[in-house]
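Q:
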Amino acid sequence: MTGMKEGAGEDPFAEETTTDDPEPVEADDDAQATADAPSEQSSTETAESQQQSMTIPYKFRRDGVQDGRDRVPLFLLPETKRAERDALRELEERFDADVSLTDLREALVRAGLEHLDDVEGELEEWGYGMTFDEP
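Just so we're aligned: the sequence shown equals residues 188 to 322 in our numbering.
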C-alpha cells in the first residue's frame with residue numbers, strides 16, 4: 188500500500204496477489220471489424236424495432252376526434268343506433284375510460300372491413316342478393 192487510507196473501492200480482506208498472466212494478444216483489425224459488425228447491426232435492428240413499437244397511438248397524436256378524418260354522413264336504423272349505444276357503454280366499461288363515438292364508429296367500420304362475410308350476411312338479411320327472375 189502507498190500509505191493512503193483504504194477507500195470504499197478497496198477490499199480490506201482481499202489477499203494481495205500478483206499474476207504472471209501474459210499481456211492480452213491484440214486481435215487482427217479485420218477480425219475485430221468482422222466481430223463488431225454483427226453487434227452493430229443487431230443493435231441497429233433493435234433500435235429500429237423499439238422505435239416501431241413506440242409509435243404514439245392515433246388517439247394521442249391527434250388534436251381532436253375529427254383530426255385527419257373525412258366527414259361522412261351516417262344514417263342508422265333505430266335498432267342499430269341502440270346497439271351502437273350499448274357497444275359504446277360496454278367498451279367504456281372494458282377500458283374504464285370514455286370512448287369517443289367517432290372512434291367507435293370507425294373501429295366498427297374497420298372491424299367490418301376485416302370480416303366481409305359477416306357484412307355480406309347482414310346485407311343478405313336486408314335483401315341483397317335476392318333475384319326476382321322468372322324461370
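Each residue gets a CB set at the ideal place from its N, CA and C atoms; glycine is no exception.
Would you be able to state if there are at least three C-beta pairs under 8 Å between the stretch 251 to 271 and the stretch 301 to 316?
A: Counting Cβ pairs under 8 Å, fewer than three are found: no touch.
Q: Which same chain residues end up closer than 6 Å to glycine 299 when comparing Cβ atoms and leaving out the 5 residues on each side of it in sequence?
A: Result list for glycine 299: Val306, in chain order.
Q: Can you round the beta-carbon distance between valine 286 and leucine 278 to whole angstroms, since I take them to be within the 8 Å contact cut?
A: Contact holds; Cβ gap of about 5 Å.
Q: If you check the beta carbons only, do leucine 275 and leucine 288 fall under 9 Å apart?
A: Yes.
Q: May I have the straight-line CA-CA distance separating lysine 246 from valine 252, to the nearest angstrom?
A: So the two alpha carbons sit approximately 8 Å from each other.
Q: For serine 260, which of Arg297, Arg292, Glu280 and Asp250 has the nearest alpha-carbon?
A: First, the residue type needs correcting, since residue 260 is proline and not serine in the sequence shown. Checked all of Arg297, Arg292, Glu280 and Asp250; the closest Cα to proline 260 is Arg292.
Q: Straight-line CA distance for proline 244 to phenylalanine 262?
A: Cα to Cα, proline 244 sits roughly 29 Å from phenylalanine 262.
Q: Note down, one range per segment and in chain order, each alpha helix (DSSP H) of at least 4 residues found wholly within the stretch 252 to 297.
A: For the stretch 252 to 297, whole alpha helix (DSSP H) runs of length 4 or above, ordered along the chain, are 265 to 282.
Q: Identify, in the order they occur along the chain, each residue of the same chain with its Cβ nearer than 8 Å to the Cβ of arginine 256, setting aside the five sequence neighbours on each side.
A: Excluding residues within five positions, the ones whose Cβ falls inside 8 Å are Thr289 and Glu293.
Q: In whole angstroms, what is the alpha-carbon distance linking threonine 242 and phenylalanine 282?
A: Their backbone Cα atoms lie some 20 Å apart in a straight line.
Q: When DSSP labels each residue in this structure, what does aspartate 250 get in the three-state scheme?
A: Coil, per DSSP.
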